[in-house]
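Residue 980 is where the sequence shown starts when you use the numbering used here, and the numbers rise one by one after that. Every residue, glycine too, gets a C-beta built ideally from N, C-alpha and C. Note that the structure is predicted; figures quoted are calculated from it, not measured. Just below is one structure, and these are the notes that go with it.
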Amino acid sequence: MERKTFSFLFLLLLVLASDVAVERGEARTCMIKKEGWGKCLIDTTCAHSCKNRGYIGGNCKGMTRTCYCLVNC
């Protein structure tokens, strides 16, 4: 019984170690300036509007508070 427990724990350790050692690639995101939406006051409103149009998110940026939508490059 003790040998089975040791084998199980060793196998679990190998699985966890291999998961940590693997580098995961992330897609780059690009920002697209959205014209004609008016002032962008709240980031969540911008993000919601961008998601409704098929983008992955959005943020308010700059002094003029313009909405920029995020898209995978």
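Name the DSSP beta bridge partners of residue i, please?
{"i": "Cys1009", "result": "Val1050"}
{"i": "Gly1033", "result": "Looking at the DSSP assignment, Gly1033 forms no beta bridge with any residue, so it has no partner."}
{"i": "Lys1040", "result": "Thr1045"}
Assuming residue i contacts residue j under a Cβ cut-off of 8 angstroms, what Cβ separation, rounded to an integer in Å, is found between them?
{"i": "Gly1037", "j": "Cys1025", "result": "4 angstroms"}
{"i": "Cys1052", "j": "Thr1008", "result": "7 angstroms"}
{"i": "Val1050", "j": "Ile1011", "result": "6 angstroms"}
{"i": "Ser1028", "j": "Cys1046", "result": "7 angstroms"}
Measure from the alpha carbon of residue i to the alpha carbon of each residue in the options, then state which is nearest.
{"i": "Cys1019", "options": "Cys1048, Arg982, Gly1033 and Ile1035", "result": "Cys1048"}
{"i": "Gly1041", "options": "Cys1029, Lys1013, Tyr1034 and Lys1030", "result": "Lys1013"}
{"i": "Thr1043", "options": "Gly1033, Ile1035, Gly1015 and Tyr1034", "result": "Gly1015"}
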